[in-house]
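In numbering that gives the first Met the number 0, the protein residues as written are 0 to 201.
Some notes on the structure that comes next.
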Amino acid sequence: MDADRFDKPALRRELRRKRRALSDAQQQTAAISLCQRLKRLPELQRARRVSLYLPVSGEIDPTPLLPWFEKRRVAVYLPVLRPLSDNSLWFVRFDVDTPMVENRFGIREPCTRFAAQRGNRLPAWALDTLIVPLVGFDARANRMGMGGGFYDRTLAFMKGNGPKPRLIGVAHACQQVSELPVEPWDIPLDMVVSDRTCWPRR
Ligand SMILES: Nc1nc2c(c(=O)[nH]1)N(C=O)[C@@H](CNc1ccc(C(=O)N[C@@H](CCC(=O)O)C(=O)O)cc1)CN2
Ligand SMILES: Nc1ncnc2c1ncn2[C@@H]1O[C@H](COP(=O)(O)OP(=O)(O)OP(=O)(O)O)[C@@H](O)[C@H]1O
């Protein structure tokens with residue numbers, strides 16, 4: 000679709016409003032259903048190092064996976080806003096002992112001092128699988144995020160040669176739209192998983 004004729008900010012507002020409107024009960028059911036689907040994916044069963052996110056403002060909650068990861072000794076990483084950089088992310092080790100703060104968007108993340116220690120983080124290419132938060136998606140697994148370009152910038156290396164992690168976008172089923180524009184800087188997902196369906200890229 001022609002990106003210029005597409006009101007992305009309006010669509011983003013609408014989809015964010017939709018997910019915020021879900022009740023606590025709907026959120027809980029959706030999270031369990033999403034995580035059941037995710038646990039069946041070879042991309043996650045094989046993974047030893049994964050990233051996920053702590054949900055805000057109605058995002059679908061991937062954290063029911065945490066006990067499953069712990070049992071399997073999978074190392075879990077969270078996105079952290081990289082200090083002094085233009086909208087890119089670090090992936091920082093997350094467990095019960097990780098010191099946390101709220102970032103400027105009100106999202107909890109490992110604190111900067113902890114994140115600044117190299118041993119506590121990984122470059123995105125060294126992760127096996129990233130669970131990527133979405134605001135919107137379509138049936139071709141095209142994605143739209145919060146609009147900061149954080150994931151696209153951090154994953155720009157995926158256009159080159161070298162190791163590539165698997166990218167699994169997750170969202171509520173109600174965040175699906177019929178078609179999204181593909182921007183030149185968009186990094187394609189391998190699939191989108193919702194509480195209802197799994198959409199491989201095609
Ligand atoms: N849970 C979660 N963590 C995440 C992301 C995410 O989408 N979800 N991100 C994925 O990129 C990064 C943060 N990106 C974000 C980009 C924009 C806004 C945001 O709320 N913008 C406000 C306006 C700006 C402001 O408040 O200063 C808005 O749109 O209303 C939040 C997070 C890293 N961590
Ligand atoms: N690799 C990149 N290098 C420089 N700028 C980029 C890159 N990727 C995205 N951007 C910029 O980021 C801004 C936001 O992009 P877009 O609207 O596609 O965000 P999004 O995909 O919704 O966000 P996110 O990646 O955080 O989920 C755009 O203005 C775009 O120019």
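Here a beta-carbon is modelled for each residue, glycine too, at the ideal position from N, C-alpha and C.
For clarity, every value in this text was computed on a predicted model and none was experimentally measured.
For residue i, tell me which candidate among the options has the shortest Cα-Cα distance.
i, options, result
"Val191", "Gln174, Asp185, Leu179, Ile167", "Ile167"
"Pro162", "Leu33, Asp96, Asn119, Leu126", "Leu126"
"Val55", "Arg16, Ala140, Arg201, Ser32", "Arg16"
"Asn86", "Asn102, Ala9, Thr97", "Asn102"
"Pro41", "Gln174, Asp185, Ala170, Arg165", "Arg165"
"Glu58", "Arg72, Phe113, Gln174, Trp124", "Gln174"
"Pro98", "Glu69, Phe113, Ile106, Pro78", "Phe113"
"Asp185", "Gly144, Phe104, Asp6, Ile31", "Gly144"
"Lys7", "Gly146, Pro78, Val95", "Gly146"
"Phe68", "Asp60, Ala30, Asp94", "Asp94"
"Thr196", "Arg139, Val75, Pro183, Asn160", "Arg139"
"Ala74", "Ser177, Gly118, Ala170", "Gly118"
"Arg72", "Pro61, Arg45, Val79, Ala115", "Arg45"
"Leu133", "Pro122, Ser193, Gln116", "Ser193"
"Ser84", "Phe5, Gly105, Gly148", "Gly148"
What would DSSP say about residue i, mapped onto helix, strand or coil?
i, result
"Ile130", "strand"
"Leu166", "strand"
"Arg195", "coil"
"Leu207", "Outside the displayed range of the chain (0 to 201) lies residue 207, so it cannot be described from this structure."
"Phe149", "helix"
"Phe136", "strand"
"Arg11", "helix"
"Arg19", "helix"
Which whole-angstrom value is the C-beta distance of residue i and residue j, which I expect to be below 8 angstroms?
i, j, result
"Leu88", "Thr153", "4 angstroms"
"Leu179", "Gly135", "6 angstroms"
"Tyr150", "Val131", "6 angstroms"
"Leu65", "Thr128", "About 15 angstroms; that fails the 8 angstroms criterion."
Measuring only from the beta carbon, is residue i closer than 7 angstroms to any heavy atom that is part of ligand 3?
i, result
"Arg12", "For ligand 3, the structure offers nothing, since it holds only ligand 1 and ligand 2."
ask   = So does the region 43 to 53 actually touch the region 15 to 24, counting three or more Cβ pairs closer than 8 angstroms?
value = no
key: Runs of beta strand (DSSP E) wholly within the region 35 to 119 (minimum 3 residues, chain order)   = 48 to 50, 74 to 80, 88 to 92, 99 to 101, 107 to 109
inquiry  = Under 8 angstroms: do the region 87 to 102 and the region 32 to 43 share three or more Cβ pairs, one atom per stretch?
reply    = no
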